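*Asks:* Residue numbers (my numbering): 5 to 497.
Quick reminder that beta carbons are idealized off the backbone N, C-alpha and C, glycines included.
Treat the numbers as computed from the prediction; the structure is a model and nothing was measured.
Okay, handing you the structure first.
Next up, the structure:
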């Protein structure tokens, strides 16, 4: 029995063949497909939480608990990967996703909140393991084929996020197809204001220029159908991971770290000026994404139309994001990534400013689709920039850098969902615009610092080492020459 348990453990760890990925590209594809099934369920449920569970703010409060727990798990992510291995970490996290889906069959505070916390505890290690899987695969290919690591990372991240984006599209379409069979969604007794005037914390008198619509929860039968499909997706993702995913090479940095040392390394890495300048960008992107998932879906889609349209609209966003990930990879080889980032920032600022003064009505459906399609384009740029530049900037300590990214992303998400019930959409958009401006100013400072470090007038570390070796050889030759001269003059005639 003991031998059998050992075999199962070795299988979950990915085998005992020196703990290395056999095929780098195969690892990326298998991991992407597993994430596809699991996040088809999770991302769609997340986008629907604020619309489905509005009573007492259960939806946003459960998400706040999820990302609060993710803060803790992000701190311990490297240690968890050291103890369990990358593959077991992914399997356990996917199993927690299944439990979370099951709790949505009967959403109450005593069911949804605990499972949200459990999922949050698994989320930090899951995404850190994902980053390390992708980076390990890209690094092996770059070394084997003598290619630029940044280009290979962009390719692998493009593959992963393209399949990941398709997951959101498929999950969203499934929800809309199921909800559209219910003809009662557009009628009910609860009146909600749409656009920037949509608030959970207070009501306002009806005026003629404010769009509003009654919102009704789908029938329990439809919700059970939807969550049954999502639960099946999660189970498929777990099976694929257990049977097909290779193991993750454990770096020497992880092997040497305890839980306290892992936390200390993550905190001490904040002394790195480049990381401090970069992290606000990750915070801004996280907040932006949840403005889209939670507030835009509720205030600009569910409110003026119905919850049945959320899936179709978000599927167009996900499809655009998937296609643009592939296109932008090619564009990034032709133009500087700073230009792409500037484009994404300008588009996002323009969109959020437009949303501030837009009260959507029933005839604004084309504008809804245009908005999310543009958002899908810019989100593709943010993904490639964030997850492509970290391994290049922090090649010697990628684990604490990735842990910091997920920690601050989770922290900002927890704060966002924790305050979501008390702020109107208008206030949230203003905060998001301010974050965009601040993060872009710091990003510009980061680029100036990198440009100075890479200046041709400033020697790199490698050039300094080469120069030191040359000087050492010169000094040795000089000493040899002096000794020979001394011997010559001291030689008796």
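Return the CA-CA distance between residue 198 and residue 430, expressed in angstroms with no decimal places.
*Replies:* On the chain shown, residue 198 is found 194 positions in, with the first residue counted as 1. On the chain shown, residue 430 is found 426 positions in, with the first residue counted as 1. Approximately 11 Å between the Cα atoms of the pair.
*Asks:* By the three-class DSSP mapping on this structure, what secondary structure does residue 411 have?
*Replies:* Counting from 1 along the chain shown, the entry for residue 411 is found at position 407. In the structure shown, residue 411 sits in a helix (DSSP, three-state: H, G or I).
*Asks:* Is the distance from the Cβ of residue 129 to the Cβ of residue 74 below 7 Å?
*Replies:* Mapped onto the chain shown, residue 129 falls at position 125. Mapped onto the chain shown, residue 74 falls at position 70. Residue 74 is positioned such that its CB atom lies no closer than 7 Å to that of residue 129.
*Asks:* Pick from 267, 362, 231 and 173: whose alpha carbon is nearest that of residue 297?
*Replies:* As a position in the chain shown, residue 297 is number 293, starting the count at 1. For the residues 267, 362, 231 and 173, the minimum Cα distance to residue 297 belongs to 173.
*Asks:* I need the DSSP call for residue 323, collapsed to helix, strand or coil.
*Replies:* One-based indexing of the chain shown puts residue 323 at position 319. Correct three-state label for residue 323: helix.
*Asks:* For a quick check, are the C-beta atoms of residue 359 and residue 433 less than 7 Å apart?
*Replies:* On the chain shown, position 355 is the one that residue 359 refers to. On the chain shown, position 429 is the one that residue 433 refers to. Closer than 7 Å, so yes.
*Asks:* Could you name the residues of the same chain whose beta carbon sits closer than 8 Å to that of residue 376, not counting the 5 residues immediately before and after it, in chain order?
*Replies:* As a first step, residue 376 must be located in the chain shown, where it is residue number 372. Closer than 8 Å at Cβ, skipping near neighbours: 296, 300, 317, 318, 320, 321 and 324.
*Asks:* When we look at the beta-carbon of residue 335 and count the other beta-carbons within 10 Å, is it buried (16 or more) or exposed?
*Replies:* Counting from one through the chain shown, the residue named residue 335 turns up at place 331. The residue in question, residue 335, is exposed, as its Cβ has fewer than 16 Cβ neighbours within 10 Å.
*Asks:* Can residue 332 and residue 183 be called in contact, C-beta distance under 7 Å?
*Replies:* Locating residue 332 in the chain shown gives position 328, counting from the first residue. Locating residue 183 in the chain shown gives position 179, counting from the first residue. Cβ distance not < 7 Å, so residue 332 and residue 183 don't count as in contact.
*Asks:* My parser needs the alpha helix (DSSP H) runs of 4 or more residues fully inside the region 290-316; what are they?
*Replies:* none
*Asks:* Taking C-beta to C-beta, are residue 385 and residue 450 nearer than 7 Å?
*Replies:* For the purposes of this step, residue 385 is taken as the residue at position 381 of the chain shown. For the purposes of this step, residue 450 is taken as the residue at position 446 of the chain shown. No, Cβ-Cβ distance for residue 385 and residue 450 is not below 7 Å.
*Asks:* What are the complete alpha helix (DSSP H) segments, minimum 4 residues, inside the region 146-192?
*Replies:* 153-183
*Asks:* Can you give me the C-alpha to C-alpha distance between residue 44 and residue 392, rounded to a whole angstrom?
*Replies:* Here residue 44 corresponds to residue number 40 of the chain shown, with the count starting at 1. Here residue 392 corresponds to residue number 388 of the chain shown, with the count starting at 1. Near 24 Å, if we compare the C-alpha coordinates of residue 392 and residue 44.
*Asks:* Helix, strand or coil for residue 359, going by three-state DSSP, please let me know.
*Replies:* Sequence index remark: in the chain shown, residue 359 carries index 355 (1-based). If DSSP states are grouped into helix, strand and coil, residue 359 belongs with the helices.
*Asks:* Where does residue 30 fall in DSSP's three states?
*Replies:* Along the chain shown, read from residue 1 onward, the residue named residue 30 stands at position 26. Three-state DSSP puts residue 30 in a helix.
*Asks:* Give the single residue among 440, 70 and 58 whose Cα lies nearest to the Cα of residue 348.
*Replies:* Counting from one through the chain shown, the residue named residue 348 turns up at place 344. It is 440 whose Cα lies nearest to the Cα of residue 348.
*Asks:* Since residue 63 and residue 176 are thought to touch, with beta carbons under 8 Å apart, how far apart are those beta carbons, to the nearest angstrom?
*Replies:* By 1-based counting over the chain shown, the position of residue 63 is 59. By 1-based counting over the chain shown, the position of residue 176 is 172. Incorrect: roughly 17 Å between the Cβ atoms, too far for contact.
*Asks:* Would the beta-carbon of residue 139 fall within 7 Å of that of residue 404?
*Replies:* What you label residue 139 is simply residue 135 of the chain shown in a count that begins at 1. What you label residue 404 is simply residue 400 of the chain shown in a count that begins at 1. Not a contact, by the Cβ cut-off of 7 Å.
*Asks:* Is residue 285 buried or exposed, if buried means 16 or more other CB atoms sit within 10 Å of its CB?
*Replies:* Taking the chain shown and counting its residues from 1, the one referred to as residue 285 is at position 281. So residue 285 counts as buried.
*Asks:* Of all the options 361, 121, 90 and 141, which has the alpha carbon lying nearest to the alpha carbon of residue 157?
*Replies:* Numbered from its first residue, the chain shown carries residue 157 at position 153. The candidate whose alpha carbon is nearest that of residue 157 is 141.
*Asks:* Grab me the residues of residue 153's own chain with a C-beta within less than 6 Å of its C-beta, minus the 5 sequence neighbours each way, in chain order.
*Replies:* For the purposes of this step, residue 153 is identified with residue 149 of the chain shown, where counting begins at 1. Cβ neighbours of residue 153 beyond the five flanking positions: 146.
*Asks:* CB residue 252 to CB residue 136, shorter than 7 Å?
*Replies:* As a first step, residue 252 is located in the chain shown; it is residue number 248 there, counting from the start. As a first step, residue 136 is located in the chain shown; it is residue number 132 there, counting from the start. Their beta carbons are under 7 Å apart, which means residue 252 touches residue 136 by this criterion.
*Asks:* Within its chain, find whatever has a CB closer than 8 Å to the CB of residue 213; leave out the 5 residues flanking it on each side and keep chain order.
*Replies:* To locate residue 213, count along the chain shown from 1; it is residue 209. Because the pLDDT of residue 213 is 44, which lies under 50, any placement of that residue in the model is unreliable, and the number read from its coordinates should be weighed accordingly. Closer than 8 Å at the Cβ level, and outside the excluded window around residue 213, lie 363.
*Asks:* Buried or exposed, going by whether 16 or more other CB atoms sit within 10 Å of the CB of residue 114?
*Replies:* Within the chain shown, residue 114 is the residue found at index 110, counting from 1. Looking at its Cβ environment, which holds fewer than 16 other Cβ atoms inside 10 Å, residue 114 is exposed.
*Asks:* Please return the same chain residues whose Cβ sits closer than 6 Å to the Cβ of residue 103, not counting the five positions on each side in sequence.
*Replies:* Mapped onto the chain shown, residue 103 falls at position 99. Taken in chain order, the residues that qualify are 119.
*Asks:* Considering residue 78, what are the terminal residues of the alpha helix (DSSP H) in which it resides?
*Replies:* The residue given as residue 78 occupies position 74 in the chain shown. Counting along the chain, the alpha helix (DSSP H) containing residue 78 begins and ends at 62-79.
*Asks:* Expressed to the nearest angstrom, what Euclidean distance is found between the alpha-carbon atoms of residue 168 and residue 457?
*Replies:* Looking up residue 168 in the chain shown gives position 164. Looking up residue 457 in the chain shown gives position 453. Taking the straight line joining both Cα atoms gives about 35 Å.
*Asks:* Do residue 346 and residue 71 have their CB atoms nearer than 7 Å?
*Replies:* By 1-based counting over the chain shown, the position of residue 346 is 342. By 1-based counting over the chain shown, the position of residue 71 is 67. For residue 346 and residue 71, no; Cβs fall outside 7 Å.
*Asks:* Relative to the C-alpha of residue 447, which residue among 234, 277 and 59 is closest?
*Replies:* Sequence index remark: in the chain shown, residue 447 carries index 443 (1-based). Nearest of 234, 277 and 59 to residue 447, Cα basis: 277.
*Asks:* Pick out whichever of 388, 412 and 350 has its Cα sitting closest to the Cα of residue 445.
*Replies:* Working through the chain shown from its first residue, we reach residue 445 at position 441. Cα-wise, what sits closest to residue 445 is 350.
*Asks:* Could you give the C-beta distance for residue 38 and residue 245, rounded to a whole number, given that I count them as a contact under 8 Å?
*Replies:* To locate residue 38, count along the chain shown from 1; it is residue 34. To locate residue 245, count along the chain shown from 1; it is residue 241. About 5 Å separates the two Cβ atoms, so the contact holds.
*Asks:* To the nearest whole angstrom, what separates the beta carbons of residue 81 and residue 132, a pair I think is in contact under 8 Å?
*Replies:* As a working note, residue 81 is residue 77 in the chain shown. As a working note, residue 132 is residue 128 in the chain shown. Yes, they are in contact, since the Cβ atoms of residue 81 and residue 132 sit about 4 Å apart, within 8 Å.
*Asks:* Should residue 468 go down as buried or exposed, given a rule of 16 or more other Cβ atoms within 10 Å for buried?
*Replies:* By 1-based counting over the chain shown, the position of residue 468 is 464. With a pLDDT of only 44 at residue 468, under the threshold of 50, the placement of this residue in the model should not be trusted; the figure read from the coordinates follows. With fewer than 16 Cβ atoms within 10 Å of its Cβ, residue 468 is classed as exposed.
*Asks:* For residue 337, name the three-state secondary structure that DSSP assigns.
*Replies:* The sequence position of residue 337 within the chain shown is 333, counting from 1. Residue state, collapsed to three classes: coil.
*Asks:* Per DSSP, what kind of secondary structure is residue 108 in: helix, strand or coil?
*Replies:* In the chain shown, residue 108 corresponds to position 104, counting from 1. In the structure shown, residue 108 sits in coil (DSSP, three-state: anything other than H, G, I, E or B).
*Asks:* If you reduce the DSSP assignment to three classes, tell me which class residue 206 lands in.
*Replies:* As a first step, residue 206 is located in the chain shown; it is residue number 202 there, counting from the start. Interpretation of residue 206 is limited by its pLDDT of 42, a score under 50 that renders its predicted location unreliable; no figure is taken from the coordinates.
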